[in-house]
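Protein chains in written order, with our numbering: chain V, 1251 to 1617; chain Z, 161 to 407.
Just so it is clear, CB atoms sit at the ideal spot from N, CA and C, and this is done for glycine as well.
Predicted, not measured: the structure shown is a model, and the values here were computed from it.
Written as structure tokens, this is what we have:
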């Protein structure tokens, strides 16, 4: 009984090790994704191209412009362009925003309690426009506090940013990537490994031997569980040492929930392999049914709470939704088992449903 | 001693009946040939006997075991080689043998012993560490048969084992079959090569899901006044087409 299982596991590892190309893709892909999300893909903005039109030409106006230029947010690309060129500059995307200080800026500061400066923003990218506006308001607020000591505000909000004080976006992406990678590796590789044997014809030879279906299923899934674990460990270690993503919570809890999540992915892959007969179809089916929902609807990038209600219900049956809450909680917030009981239960429920269905559907005869 | 006994075995796929009330029996140690055109029902019959398909009706016993209830036991007593390629091309010769040995529950020592036996028998010692994909088709076929024999089964089902193989390799393959039969094993083989039919002790000719003829090649040739099995087969097919009601 165990000897049979061991033979199947060993054979599956031979397949994996012999197929260097696939193995390299499996190992390199998560690393590439991590570097991409860590360094390139970020929601923050820096070096925003800015044109400053200083019509005041006073020490006060220069002081304010210096305050802007000294941050890494704004990059001055041009200055003092005539008004009829504003449209041009934005159209040709030479700058994302134009700041105009009127001739009476310094004078108005002395007499008028409310001096206005103009900011023209290209909002063809609304997210960027939002950032530009917020950055400038923060800088001008700082400038106001510094220069106008008489300024009295009824109250100020003093935020304390917890769990990710520097608001680094890769603190958000690294745990998310683990979720995407585990699901993809476990579901995709398992389904392909089984469908390939159907396609080539070797499954027939195995089915005619006294192997029990459970042995085929377990023997086929264990190697990919190991690969899935290795891959996620790789991403977590790189995230931890390269990007300094903290791992505050318990490693045991992390491992346990990763295991539960991998089982969910594997049983999904198993189900796909049972209902498809060619590797291409299996691959497409897995990519369509895991990648898209996981990236778009699980909270990987877009928060679930801001989705339409219907999609929020759909997100409940996406395993990644729950796993993201779990892994972000454990890594960044140090959440304990008790904090994550609802998410873990959902995950166990989905895994249990999928695995029961796939074992029951696994055919030991050819139809 | 009866190795395989089949009574009114039937298999339907939806509205299509692939095998219609087929009855025959195969003696122990016999080389039993199954002839017929593609789609005549040969593969479906063989799959029912190996536990790969559940019959729609009728009875069948393999090695004295019932195909409906004792298929797990049957699987331990039969060897099976399908017309589709059953070896892993990305595994070496030795690894293939080791895997199939393991699947049949052989111990490590047994696998080692059987591997050495097989490699000497097939003269594959030098190729043992090469990938199976690099072997010529004829050798692959003989290796496939040998891996199907690792657990020493008494009944062997071969489903078009020589399709796509050159004549010399086919001859070598048949020498292997003779050797297995001389050891007292029962060989159940399907083929569409009529010259191979001559090598069988008895042949049954299948046509549209029924057995049209069943006898030794000598008797069949006598009956149809034919010099070879090719013309016997043509006559049987013609007769079946002329009087379809008799089946």
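I'd like to know if residue 1460 of chain V contacts chain Z, where contact means its C-beta is closer than 7 Å to some C-beta of that chain.
yes
By the three-class DSSP mapping on this structure, what secondary structure does residue 200 of chain Z have?
coil
Proximity below 7 Å, CB of residue 328 of chain Z to CB of residue 287 of chain Z
no
Quick one: is residue 1452 of chain V near chain Z, going by C-beta distance under 7 Å?
So yes, residue 1452 of chain V belongs to the interface.
Taking Cβ positions, are residue 1523 of chain V and residue 1580 of chain V nearer each other than 7 Å?
no
Taking 7 Å as the CB-CB cut-off, is residue 250 of chain Z touching chain V?
Residue-level contact check: residue 250 of chain Z touches chain V, since one or more beta carbons of chain V fall below 7 Å from its beta carbon.
Residue 1254 of chain V touches chain Z at which residues, Cβ-Cβ below 7 Å?
Those are 262, 263 and 265, listed as they occur along chain Z.
Chain-ordered neighbours of residue 244 of chain Z on chain V, where CB pairs are closer than 7 Å
1451 and 1454
Identify which residue in Z:310, Z:277, Z:322 and Z:311 has its Cα closest to the Cα of residue 299 of chain Z.
Z:322
Cβ distance (whole Å) where residue 366 of chain Z is taken to contact residue 180 of chain Z below 8 Å:
Actually they are not in contact, since the Cβ atoms of residue 366 of chain Z and residue 180 of chain Z sit about 10 Å apart, beyond 8 Å.
What are the residues in the segment 1257-1289 of chain V lying within 9 Å of chain Z by C-beta distance?
1257, 1258, 1260, 1261, 1264, 1265, 1268 and 1269
Applying the 10 Å Cβ sphere with the 16-neighbour rule, what's the burial state of residue 1252 of chain V?
Under this definition residue 1252 of chain V is an exposed residue.
Assuming residue 1273 of chain V contacts residue 1266 of chain V (C-beta within less than 8 Å), just tell me the rounded distance between them.
6 Å
Assuming residue 237 of chain Z and residue 314 of chain Z are in contact, meaning their beta carbons sit under 8 Å apart, how far apart are those beta carbons, in whole angstroms?
6 Å
Beta-carbon contacts of residue 184 of chain Z that lie in its chain and below 7 Å, excluding the five residues immediately before and after
166, 364, 371 and 374
Does the structure place the segment 1274-1284 of chain V close enough to the segment 1464-1482 of chain V that three or more beta carbon pairs sit under 8 Å?
yes
So what's residue 1552 of chain V in DSSP terms, helix, strand or just coil?
Three-state result, residue 1552 of chain V: coil.
Write down the C-beta distance between residue 1391 of chain V and residue 1510 of chain V rounded to the nearest angstrom, noting that I regard them as a contact closer than 8 Å.
That belief does not hold up - the Cβ atoms of residue 1391 of chain V and residue 1510 of chain V are roughly 47 Å apart, past 8 Å.
Whose C-beta lies closer than 6 Å to the C-beta of residue 1566 of chain V among residues of the same chain, with five residues either side of it excluded?
Counting only Cβ-Cβ distances below 6 Å, and skipping sequence neighbours, we find nothing.
Would you mind working out which of V:1285, V:1558, V:1611 and V:1280 sits nearest residue 1701 of chain V, comparing C-alpha positions?
Chain V is shown only over 1251 to 1617; residue 1701 of chain V falls outside these bounds and no answer can be derived.
If you draw a straight line from the C-alpha of residue 1456 of chain V to the C-alpha of residue 274 of chain Z, how long is it?
Residue 1456 of chain V and residue 274 of chain Z: Cα-Cα distance of roughly 19 Å.
Residue 1597 of chain V: which of V:1324, V:1518 and V:1282 sits nearest, CA to CA?
V:1518
Identify whether residue 1620 of chain V lies in helix, strand or coil by the three-state DSSP scheme.
This structure does not reach residue 1620 of chain V, given that chain V is present from 1251 up to 1617, and the question cannot be answered.
Residue 362 of chain Z, DSSP secondary structure in three states:
strand
Verify whether the separation of the beta carbon atoms of residue 212 of chain Z and residue 1615 of chain V is less than 7 Å.
In this structure, the beta-carbon distance from residue 212 of chain Z to residue 1615 of chain V falls below 7 Å.
Sufficient close CB pairs (3 or more, under 8 Å) joining the segment 1317-1334 of chain V to the segment 1403-1417 of chain V:
no
For residue 1457 of chain V, which residues in chain Z fall below 7 Å Cβ to Cβ?
212
Cut-off 8 Å between Cβ atoms - residues of its own chain near residue 1547 of chain V, not counting five sequence neighbours on either side
1554, 1557, 1561, 1564, 1565, 1568 and 1571
Can you tell which of V:1394, V:1346, V:1370 and V:1288 has the C-alpha that lies nearest to the C-alpha of residue 1360 of chain V?
V:1394
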